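One structure is given here, and the rest of the page talks about it.
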Amino acid sequence: MDFAARRDIPDVLGFEDFAAAPTITYQLVRDRLDRGSLFADHKLFPLPKQEKGTVRPLTVLNPLDEMALRAYVGRCSAAVAAATYEKRVLNGLIRRPGPGWYCADFREQSRKRRQLQRELYEDNRINAVGFFDVKKFFPTCRHDVLQELLSRVRAPSGAVVMLVGMLTQLFGTGRGLPIGFEGSGPLANLFLAPLDRVLLDEGHEFVRWTDDLDVFLRDSSEWPALRALVDDSLSKVRLGLNPDKTMVMGKGPSAENRLLDPGRDSLFVEDAIANIGAKLELDLWMREYGLAEDLPAPHFRSCLGRLRAARDPMAVEYLTALPGWIDREPRCVGDYFSVLAAEPKSRRAVDIDWLVDLAVGRTPNADTAAGQLHLFRALASYRVDKADAKRMLEFAWRRDVLARYPILGAWAVKAWSTSQGWNAREAVDLVDSIAHISYRRAAMAGFAAHGAKSSVNKLESLAHRHPEIRPVVAQALAA
358 MDFAARRDIP
368 DVLGFEDFAA
378 APTITYQLVR
388 DRLDRGSLFA
398 DHKLFPLPKQ
408 EKGTVRPLTV
418 LNPLDEMALR
428 AYVGRCSAAV
438 AAATYEKRVL
448 NGLIRRPGPG
458 WYCADFREQS
468 RKRRQLQREL
478 YEDNRINAVG
488 FFDVKKFFPT
498 CRHDVLQELL
508 SRVRAPSGAV
518 VMLVGMLTQL
528 FGTGRGLPIG
538 FEGSGPLANL
548 FLAPLDRVLL
558 DEGHEFVRWT
568 DDLDVFLRDS
578 SEWPALRALV
588 DDSLSKVRLG
598 LNPDKTMVMG
608 KGPSAENRLL
618 DPGRDSLFVE
628 DAIANIGAKL
638 ELDLWMREYG
648 LAEDLPAPHF
658 RSCLGRLRAA
668 RDPMAVEYLT
678 ALPGWIDREP
688 RCVGDYFSVL
698 AAEPKSRRAV
708 DIDWLVDLAV
718 GRTPNADTAA
728 GQLHLFRALA
738 SYRVDKADAK
748 RMLEFAWRRD
758 VLARYPILGA
768 WAVKAWSTSQ
778 GWNAREAVDL
788 VDSIAHISYR
798 RAAMAGFAAH
808 GAKSSVNKLE
818 SLAHRHPEIR
828 PVVAQALAA
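The sequence shown runs 358 to 836 under this note's numbering.
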């Protein structure tokens, strides 16, 4: 169930409870399908985009609904995978088509993308690059077009009808793919597969990452015809270009900075850890004199990624001085603090009270909610003390959190469930009082973490009252 843990908004239990009780889970999903109650409790959750001040609305589904949607993507997955040109399309690639399908690892694919971009750009025959971006891509993917495309690649007709019907139930407008759902990337690739084929037939070298398309040209004079070709191909699937991100650049510093990011690469020559340390230290020093500019976001992610791999706490001081990065790059920072909890030396470098303050001490909004969520995700690895545990539980009970960002509150409960302050009485009270499935599953996780042998009758009674937690109850009793 790696797919549930590696997303921008991960599932509170990584779907481990459902994986541990497949028969029970199947029946729960089947019951929701039979009742026609899919997507009744889905929510949108704001995730910061690279452009400051803008957010991407992620669709957070009931995990049972997500599994239903995954099942029908799985039935179409072999046809979708066969229709995707994997030599030039690097994102949203299906691995192991069938019921157990998943997408290729994002980080590995990102490295392949950079390598391929460099190889093509450095070809002596290339003298310009055309950059394309589809306007509001996922929200404008039409379901009737998707049905036609799936039929064209010979996906099973029954699965196609069910999948498209479920998407239309989720988006009543007849258009849109859920942002954040793993199956959206492969389905989105289908919309651009005809364009991939046209580019290949015309002899163009290209690299595509979902709707970000880089086409390598022998000369800038090829641009008008290429632009017209792309426009025409997109119009046939009812999509359009984003003019602000569609342009041509001749070979030179601007194209290199956009495509290859040589400044980032310079950090990783020779001793990368020492280079990163010097970079972060210099940045903090220059800020004292008002001279520093923000690191480019890709540089920051690369630095933190390398330190995370080494479990090096070097960036803790930097993040303490510049906590704004937590909200700008929430997943990256959350991954970093989570890894530091694994070893005593790196763990001691983290001020846990400071992390808790940042997580609970702010009223969540579109700019901060994702950062707070990933702080709670990291805190779930630290087994915080009773005083901080109480603050996290109080945060989860807040009305504004429950109403606007229930998945954020669920992660606060998850951090509480692994803390020194968790107790069975409060967990039962929460399960009986709050209907949100992720709240309930997160609270129940405490029984597995703290021992459930003395609570068999209590757990069985809870599972009887709330059938959707039967998988996590079975997991707790088996622990």
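We put the beta carbon where it would ideally sit given N, CA and C, even for glycine. Fair warning: this is a prediction, and the values are worked out from it, not measured in the lab.
Mind checking whether residue i and residue j have CB atoms under 8 Å apart?
| i | j | result |
| --- | --- | --- |
| proline 403 | alanine 726 | yes |
| proline 543 | valine 430 | yes |
| alanine 461 | arginine 452 | yes |
| valine 502 | valine 572 | no |
| valine 788 | arginine 797 | yes |
| leucine 385 | leucine 418 | no |
| valine 518 | alanine 799 | no |
| proline 405 | aspartate 724 | yes |
| valine 437 | alanine 545 | no |
| alanine 629 | arginine 663 | yes |
| leucine 534 | leucine 591 | no |
| arginine 445 | arginine 565 | yes |
| glycine 537 | threonine 416 | yes |
Using the Cα positions of residue i and residue j, report the straight-line distance between them to the nearest angstrom.
| i | j | result |
| --- | --- | --- |
| arginine 782 | leucine 617 | 55 Å |
| arginine 827 | alanine 760 | 25 Å |
| phenylalanine 563 | leucine 477 | 8 Å |
| proline 367 | valine 707 | 23 Å |
| glycine 570 | aspartate 391 | Note that residue 570 is leucine in the sequence shown here, rather than glycine. Roughly 41 Å separates the two Cα atoms. |
| leucine 492 | asparagine 599 | The sequence given here has lysine at residue 492, not leucine. Cα to Cα, lysine 492 sits roughly 4 Å from asparagine 599. |
| aspartate 757 | valine 412 | 19 Å |
| tyrosine 646 | leucine 661 | 24 Å |
| aspartate 490 | arginine 668 | 36 Å |
| threonine 567 | glycine 691 | 25 Å |
| arginine 364 | glutamate 686 | 13 Å |
| phenylalanine 694 | proline 655 | 18 Å |
| alanine 835 | glycine 449 | 35 Å |
| glycine 721 | serine 795 | At residue 721 the sequence reads proline, which differs from the glycine that was named. Going from the Cα of proline 721 to the Cα of serine 795 covers about 18 Å. |
| glutamate 373 | aspartate 588 | 44 Å |
| alanine 666 | lysine 702 | 15 Å |
| alanine 746 | arginine 468 | 39 Å |
| arginine 719 | tryptophan 711 | 12 Å |
| serine 812 | alanine 805 | 11 Å |
| arginine 734 | arginine 584 | 44 Å |
Counting only the same chain and skipping the five closest in sequence on each side, list residues whose C-beta sits under 6 Å from that of residue i.
| i | result |
| --- | --- |
| leucine 730 | Leu765, Trp768 |
| alanine 378 | Pro828, Ala831 |
| alanine 550 | Ala440 |
| valine 594 | Val502, Phe548 |
| alanine 737 | Lys771, Ala772, Thr775 |
| methionine 801 | Ile826, Val829 |
| leucine 556 | Phe563 |
| phenylalanine 494 | Asp568 |
| proline 581 | none |
Between which two residues does the alpha helix (DSSP H) carrying residue i extend?
| i | result |
| --- | --- |
| phenylalanine 402 | It is not in any alpha helix (DSSP H) - phenylalanine 402 instead sits in the beta strand (DSSP E) that spans 400-405. |
| glycine 607 | Unbroken run through glycine 607 is the beta strand (DSSP E), 604-607; no alpha helix (DSSP H). |
| arginine 615 | 610-616 |
| arginine 782 | 781-790 |
| tryptophan 682 | 681-685 |
| leucine 715 | 709-717 |
| tyrosine 739 | Neither: tyrosine 739 is in no alpha helix (DSSP H) and is coded neither H nor E. |
| proline 655 | 654-667 |
| glutamate 423 | 420-439 |
| alanine 805 | 794-807 |
Mind checking which residues open and close the beta strand (DSSP E) that includes residue i?
| i | result |
| --- | --- |
| aspartate 490 | 485-490 |
| glycine 533 | Unbroken run through glycine 533: none, as it is neither H nor E. |
| arginine 748 | Arginine 748 -> not in any beta strand (DSSP E); alpha helix (DSSP H) instead, spanning 743-754. |
| phenylalanine 838 | A question about residue 838 goes unanswered here, because the residues of the chain that appear run from 358 up to 836. |
| leucine 570 | 569-574 |
| threonine 677 | Run containing threonine 677: none in the beta strand (DSSP E); it sits in the alpha helix (DSSP H), 673-678. |
| glutamate 562 | 562-566 |
| leucine 415 | 412-417 |
With a cut-off of 8 Å on the beta carbons, I'd call residue i and residue j a contact; round off their distance for me.
| i | j | result |
| --- | --- | --- |
| leucine 641 | methionine 671 | The Cβ separation is near 12 Å, so there is no contact. |
| arginine 387 | leucine 395 | Actually they do not touch by this definition, with Cβ atoms about 12 Å apart. |
| leucine 520 | phenylalanine 548 | Between phenylalanine 548 and leucine 520 the Cβ distance is about 14 Å, and since that is not below 8 Å, they are no contact. |
| serine 845 | valine 605 | Nothing in the structure corresponds to residue 845, since the chain is present only between 358 and 836. |
| glycine 457 | alanine 435 | In fact, because the Cβ distance is near 12 Å, the residues do not count as touching under 8 Å. |
| leucine 816 | alanine 792 | That pair is no contact at about 19 Å. |
| isoleucine 709 | valine 741 | 6 Å |
If I measure Cβ to Cβ from residue i and keep anything under 8 Å in the same chain, skipping five residues before and after, which residues do I get?
| i | result |
| --- | --- |
| alanine 744 | Gly778 |
| arginine 755 | Gly766 |
| arginine 704 | Leu697, Ala698, Tyr739 |
Less than 7 Å between C-beta atoms, sequence neighbours within five positions excluded: which residues of the same chain meet that for residue i?
| i | result |
| --- | --- |
| threonine 497 | Arg532, Leu596 |
| arginine 748 | Val713, Val717 |
| methionine 643 | Ala649 |
| leucine 652 | Asp640 |
Do we get a CB-CB distance below 8 Å when we pair residue i with the residues of chain E?
| i | result |
| --- | --- |
| lysine 602 | No chain E appears in the structure shown, which is made up of a single protein chain. |
Can we count residue i as close to the ligand ZN, meaning its CB is less than 7 Å from some heavy atom?
| i | result |
| --- | --- |
| lysine 747 | As presented, the structure is devoid of all ligands, the ligand ZN included, so that no description of it is given. |
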